[in-house]
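Under mature numbering (1 follows the signal peptide of the UniProt record, and there is no 0), the residues of the sequence shown are numbered -21 to -1, 1 to 441, in order.
Okay, structure first, notes after.
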Amino acid sequence: MMAARLRLALLLSVFLCAARARPSLEPTIRLPSERAAAGEAEGADDAVGTRWAVLIAGSNGYYNYRHQADICHAYQIMKKGGLKDENIIVFMYDDIAHSPENPRPGVIINHPQGGDVYAGVPKDYTGREVNVNNFFAVLLGNKTAVSGGSGKVVDSGPNDHIFVYYSDHGGPGVLGMPTYPYLYGDDLVNVLKKKHAAGTYKSLVFYLEACESGSIFEGLLPNNINVYATTASNADESSWGTYCPGDNPSPPPEYDTCLGDLYSIAWMEDSDFHNLRTESLKQQYNLVKDRTSVHNTYTYGSHVMQYGSLNLNVQHLSSYIGTNPANDGNKFVEGNSLPSSTRAVNQRDADLVYFWQKYRKLAEGSPGKNDARKELLEVMAHRSHVDNSVELIGSLLFGSEDGPRVLKAVRAAGDPLVDDWSCLKSMVSLLLTMIAAVMKQLFLSLHSCMPDKPLFSSGSCI
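Here it is in structure tokens:
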């Protein structure tokens, strides 16, 4: 599987490219008087230009149902909040709603008792049009660089607010896409800097659902370009799926897959319920962090993080995603007023849940039972092969005693994943094509890329 090979390539590439340098960011702490002088007083955001939203599901395949369900749900929130379709741009592969495996053809749900969130969604970029080039072109408002699709771009001005929501798999420093190349953290941050330099937005909020999503922004996103980002996880952990078979609440029995992601469900169900004219980004961040961590117990779940221009988090959510007039009477209350699931599934295991459920529900002796069993065993064997390969390479490079320790080592909080991103990308690209044949030779020939202290966040859910 390409995904598993990419996971291994990322692991080895970060070994080679984790950097020596430690670039610093500007300090984020300022005196209240300095914040007030800069116009950052509480609630100082309410003069809104045009609201724009870019919604991206970066995966395909029915077992990844939850990512497109998340994006469709987000669209419904934007639409009820008053955003116009001309200002909402949707990227989704669009292979879920009409998949033969979908028990409700033409319908996508994001909650066990939820209604259809697929209806009315503008599919601006679908199939192979969901790619890095189109995403960056859309964000920069570059119509000539877009290939296929509706041609819609974020044609924003200096007074406009932009909301970007991305739901997919991820790994250290990278986000998945249905097609190669994948999206790297440094490229994304450089595009955001370019957008800021063009003066085509007032402020931008980025919500990111993916494993190791913190690594996309940590040590990279500056605090002076008016971009505020929150992520489903820190730089070295998985994010979590929810509303999965066996959870409580569980999906309807005909569903074999997770309906949503824990971080995403937390912010969207909060947005469904509250008056977003009075709820701030910071209040939602705290609520989502609480729900995603199971009230800070981390019985399951992940560490929701925030990056960039943290001074923006006093702004009201309505500045970015509007608000449903039906919620005008629903005052925000500190603390999570929405119930949590009693269980969730690590993103790395969500596909196994799907394949297991598919096998379990087929009757013994039925035509598809043996095929489903074979499919499940192949997925498990492939994962085991990747894990064993990584452990073996770690032992070969660092010795049998130090290998496991180095594999699990992570960089200090606040440091970027690597400093030499070109090295990382080159190694990933090369290893994806040569990983089985010339691994030892690559390590020897590229010794100059080896850091003094290779640090890596073990695993990935690409």
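Backbone N, C-alpha and C fix where the C-beta goes; we use that ideal spot for every residue, glycine too.
Asked: Inter-residue CB distance, I56 and M247 (contact presumed, cutoff 8 angstroms); Found: 6 angstroms
Asked: 6 angstroms Cβ shell around P101 - same chain, five flanking residues per side excluded; Found: D64 and V69
Asked: One or two residues paired with R30 in a DSSP bridge; Found: H140
Asked: Contact belief for V153 with Y145 at Cβ below 8 angstroms, rounded distance in angstroms; Found: At roughly 12 angstroms, the Cβ-Cβ gap does not stay under 8 angstroms, so V153 and Y145 are not in contact.
Asked: Which of helix, strand or coil DSSP assigns to T210; Found: strand
Asked: Buried versus exposed, by CB contacts within 10 Å (16 or more), Y222; Found: buried
Asked: Rounded Cβ spacing between P157 and V86 (contact assumed at less than 8 angstroms); Found: In fact, because the Cβ distance is near 22 angstroms, the residues do not count as touching under 8 angstroms.
Asked: Status (buried if at least 16 other CB within 10 Å, exposed otherwise) for N43; Found: buried
Asked: Runs of beta strand (DSSP E) lying entirely within the segment 123 to 186, each at least 3 residues, in chain order; Found: 140 to 146
Asked: Those runs of the beta strand (DSSP E) which lie wholly inside the segment 33 to 74 and span at least 3 residues; Found: 67 to 70
Asked: Cβ separation of H295 and L255, assumed to be a contact under 8 angstroms, to the nearest whole Å; Found: 6 angstroms
Asked: Residue burial classification, N303 (beta-carbon count within 10 angstroms, cutoff 16); Found: buried
Asked: Neighbour-count burial assignment, H77, 16 or more Cβ in a 10 Å radius; Found: exposed
Asked: Residue of L119, G28 and A32 minimising C-alpha distance to K174; Found: L119
Asked: Secondary structure of Y234, DSSP reduced to three states; Found: coil
Asked: Status (buried if at least 16 other CB within 10 Å, exposed otherwise) for A392; Found: exposed
Asked: Extent of the continuous alpha helix (DSSP H) to which Q262 belongs; Found: L260 to T271
Asked: Supposed close pair A189, H140 - CB separation, criterion 8 angstroms; Found: Not confirmed; about 23 angstroms, so no contact.
Asked: Whole-angstrom C-beta distance between G164 and N284, which should lie under 8 angstroms; Found: As written in the sequence, residue 284 is Met, which differs from the Asn given in the question. Not quite, the Cβ-Cβ distance comes to about 13 angstroms (not below 8 angstroms), so this is no contact.
Asked: Candidates D74, Y264 and V33: closest to residue 469 by CA position; Found: Given a span of -21 to 441 for the chain in the structure shown, any question on residue 469 remains unanswerable.
Asked: Reference S243; option with closest CA among E258, Y264, T179 and N227; Found: Y264
Asked: P232 classed as buried or exposed, judged by whether at least 16 other C-beta atoms fall within 10 angstroms; Found: exposed
Asked: Sequence-distant residues of its chain with Cβ nearer than 6 angstroms to Q47 (five each side left out); Found: A36, M71 and I75
Asked: Option in N81, N138, R107 and N112 with minimal Cα separation from T97; Found: Thr is not the amino acid found at residue 97; the sequence shown has Tyr there. When only C-alpha atoms are compared, the closest one is N81.
Asked: As assigned by DSSP and simplified to three states, the class of E357; Found: helix
Asked: For V143 and W31, the rounded distance between their alpha carbons; Found: 8 angstroms
Asked: Proximal residues to N205 (C-beta, below 6 angstroms), its chain only, five neighbours per side dropped; Found: S182 and S288
Asked: Cα-Cα separation, D269 to N367; Found: 35 angstroms
Asked: Endpoints, the alpha helix (DSSP H) within which Y299 is located; Found: S297 to I300
Asked: Beta-carbon gap between S126 and N113 smaller than 8 angstroms; Found: yes
Asked: Unbroken beta strand (DSSP E) run spanning G220, endpoints; Found: W219 to T221
Asked: CA-to-CA distance, N306 to M406, given in whole angstroms; Found: 50 angstroms
Asked: Proximity to N202 [Cα-Cα], best of I50, R384, N290 and S38; Found: N290
Asked: Whether D394 touches G198 by CB criterion (8 angstroms); Found: yes
Asked: 8 angstroms Cβ cutoff met for G28 and N138; Found: yes
Asked: Residue from R45, I50, G99 and N309 with nearest C-alpha to F252; Found: N309
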